[in-house]
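A.B. asks: Start counting the sequence shown at 23; every next residue gets the next number (my numbering).
Virtual Cβ for every residue (Gly too), placed ideally from N, Cα, C.
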Amino acid sequence: MVRYVRFQIPQQDPPTVHGSVAQVTWEISGNLETDSGIQTAKAQEVTVLTAPDIKPGRSLAALTEEATFQRCSLALVLVNDVIGAGGYLEGELRARMESTDQAREIRMELHSSESAGDRKAEAVRERVSLESGVQLTSAEPYVWAFSLPVPERTLPSVKGRHTTVSWVLRAVVDTNEAPEPYQVEREVQVFTST
23 MVRYVRFQIP QQDPPTVHGS VAQVTWEISG NLETDSGIQT AKAQEVTVLT APDIKPGRSL
83 AALTEEATFQ RCSLALVLVN DVIGAGGYLE GELRARMEST DQAREIRMEL HSSESAGDRK
143 AEAVRERVSL ESGVQLTSAE PYVWAFSLPV PERTLPSVKG RHTTVSWVLR AVVDTNEAPE
203 PYQVEREVQV FTST
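#1: Please report how far the alpha carbon of R183 lies from the alpha carbon of P171, in whole angstroms.
#2: Where does L71 fall in DSSP's three states?
#3: So, under 8 Å CB-CB, L85 and D103 are touching, yes? Tell me the CB distance rounded to an integer number of Å.
#4: With L170 as the anchor, note down where its beta strand (DSSP E) starts and where it stops.
#5: Looking only at C-alpha atoms, which of M119, N53, A107, T159 sits nearest to H40?
#6: What's the call for E67, buried or exposed, on a 16-neighbour Cβ count within 10 Å?
#7: Taking a contact to mean a Cβ-Cβ separation below 9 Å, would you say T197 touches D123 in this structure?
#8: Which residues does DSSP list as the beta-bridge partners of Y26?
#9: Mind the definition here: the segment 195-210 touches the segment 50-62 only if three or more C-beta pairs lie below 8 Å; say whether that holds.
Shown next as structure tokens:
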């Protein structure tokens, strides 16, 4: 005899997360007791995936983050800010300089931040250099296209009561003249469903 059971995970419950701090695991267990009193138990860990939270019809402006500094203006323009694990975050970094400056490096970084209770961890998960050792002038705007891989690891975006995982895409323009690198960033959603 074969019986099937269907479970529905409540929407507010977190998906499977295997981070350095945030850990959420799910297990299905079953017990069978026969008429003769024999008991059998079986348990199996399962992976609960997340679905993308896509808002269709968003404009280019809704996918753009801008930052203005004394010597530079940056714009981070994304194709999409919702991406599956193992996919690619793609877009353009645009810069307009107010004066000439030597860029040591222009790069994109993908940061993750985890918290579980009072424990926290932050890490740079991916980094892609777009250009280095280039002189930036005010004569023209600059545009760098990028494609940044999102790790395949099971670490989706989660906002729960006890567990939080968030992802931030950061564009960095590190120059000789500015004491701190110019940066613009945007929170992105990483999901694990297929």
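C.D. replies: This is what the structure gives:
#1: For the purposes of this step, residue 183 is taken as residue 161 along the sequence shown, with counting starting at 1. For the purposes of this step, residue 171 is taken as residue 149 along the sequence shown, with counting starting at 1. Rounded to whole angstroms, the separation of the alpha carbons of P171 and R183 is 29 Å.
#2: Here residue 71 refers to the residue found at position 49 of the sequence shown. Correct three-state label for L71: coil.
#3: In the sequence shown, residue 85 corresponds to position 63, counting from 1. In the sequence shown, residue 103 corresponds to position 81, counting from 1. Between D103 and L85 the Cβ distance is about 6 Å, and since that is below 8 Å, they are a contact.
#4: Numbered from its first residue, the sequence shown carries residue 170 at position 148. Here the beta strand (DSSP E) through L170 covers 164-171.
#5: Within the sequence shown, the letter at position 18 stands for residue 40. Measuring from the Cα of H40, the nearest candidate turns out to be A107.
#6: Position 45 of the sequence shown, counted from the start, is the residue given in the question as residue 67. By the neighbour-count rule (16 or more Cβ atoms within 10 Å), E67 is not buried but exposed.
#7: Taking the first residue of the sequence shown as position 1, residue 197 is located at position 175. Taking the first residue of the sequence shown as position 1, residue 123 is located at position 101. Taking 9 Å as the Cβ cut-off, T197 and D123 qualify as a contacting pair.
#8: Within the sequence shown, the letter at position 4 stands for residue 26. Beta-bridge pairing links Y26 to no other residue.
#9: No, the segment 195-210 is not in contact with the segment 50-62.
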